[in-house]
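Q: Following the UniProt record's numbering, the numbering of the sequence shown begins with 1 at its first residue and continues without gaps.
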Amino acid sequence: MADDDTLNSLYRRLDVTAGSTDAQLVSDLYDDAVATVLDFTRRTEMIGSMSVYAKQLAVVAYNRLDTEGEAQRDEGNIDRYFVNGIPQEIQRPLIRYRVATPRGLSS
Numbered sequence: 001m002a003d004d005d006t007l008n009s010l011y012r013r014l015d016v017t018a019g020s021t022d023a024q025l026v027s028d029l030y031d032d033a034v035a036t037v038l039d040f041t042r043r044t045e046m047i048g049s050m051s052v053y054a055k056q057l058a059v060v061a062y063n064r065l066d067t068e069g070e071a072q073r074d075e076g077n078i079d080r081y082f083v084n085g086i087p088q089e090i091q092r093p094l095i096r097y098r099v100a101t102p103r104g105l106s107s
């Protein structure tokens, strides 16, 4: 669960009114973003500035709501391409938080 400061920051960034149905959606998207960041880093709790990248990922998810599942869209003379998964500009700084896993021969 996100703290109030984090959610209020997201509400301001996305121009969402606290207490609205969109606010609940933003809260859910942030919780999903935290889970995604933790999965990517193989951690069980947020450390350092990982919450900043979770907020960025929540904003990306909010902006993708109408285009969920699309890889490309053509509208007139405009082609739009969509990134699936975590965008590279969010992945790159998260790599330093990844927990290494031992690899060995499987029997």
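For every residue, glycine included, the Cβ atom is placed at its ideal position computed from N, Cα and C.
This one's a predicted model, so the numbers in the text were calculated from it and none came from an experiment.
Which term fits F40, buried or exposed, when burial requires 16 or more other beta carbons within 10 angstroms of its beta carbon?
A: Locating residue 40 in the sequence shown gives position 40, where the first residue counts as 1. Under this definition F40 is a buried residue.
Q: Here's a check: name, in chain order, each residue in its chain whose Cβ is nearer than 7 Å to the Cβ of A33, leaving out the five neighbours to either side.
A: Numbered from 1 along the sequence shown, position 33 holds the residue referred to as residue 33. The residues are A54, L57, A58, A61.
Q: Could you give the first and the last residue of the continuous beta strand (DSSP E) run that contains Y81?
A: The count along the sequence shown starts at 1 and reaches residue 81 at position 81. It spans 78-81 - the beta strand (DSSP E) in which Y81 sits, taken as one unbroken run.
Q: Would you call the stretch 42-53 and the stretch 81-94 touching, i.e. three or more CB-CB distances under 8 Å?
A: A contact exists between the stretch 42-53 and the stretch 81-94.
Q: With H, G and I counted as helix, E and B as strand and the rest as coil, what does DSSP make of E75?
A: Taking the first residue of the sequence shown as 1, we reach residue 75 at position 75. Reduced to three states, the DSSP call for E75 is strand.
Q: One question on the structure: do T101 and F82 come within less than 9 Å of each other, judged by their Cβ atoms?
A: Counting from 1 along the sequence shown, the entry for residue 101 is found at position 101. Counting from 1 along the sequence shown, the entry for residue 82 is found at position 82. Taking 9 Å as the Cβ cut-off, T101 and F82 do not qualify as a contacting pair.
Q: Give the secondary structure of R43 by DSSP, where H, G and I count as helix, E and B as strand, and everything else as coil.
A: The residue labelled residue 43 in the question sits at position 43 within the sequence shown. Reduced to three states, the DSSP call for R43 is coil.
Q: If A71 sits next to D31, beta carbons under 8 Å apart, how far is it from one beta carbon to the other, in whole angstroms?
A: Sequence index remark: in the sequence shown, residue 71 carries index 71 (1-based). Sequence index remark: in the sequence shown, residue 31 carries index 31 (1-based). 26 Å between Cβ atoms; not a contact.
Q: Grouping DSSP H, G and I as helix and E and B as strand, with all else coil, what is A23?
A: Within the sequence shown, numbered from 1, the residue matching residue 23 stands at position 23. Helix.
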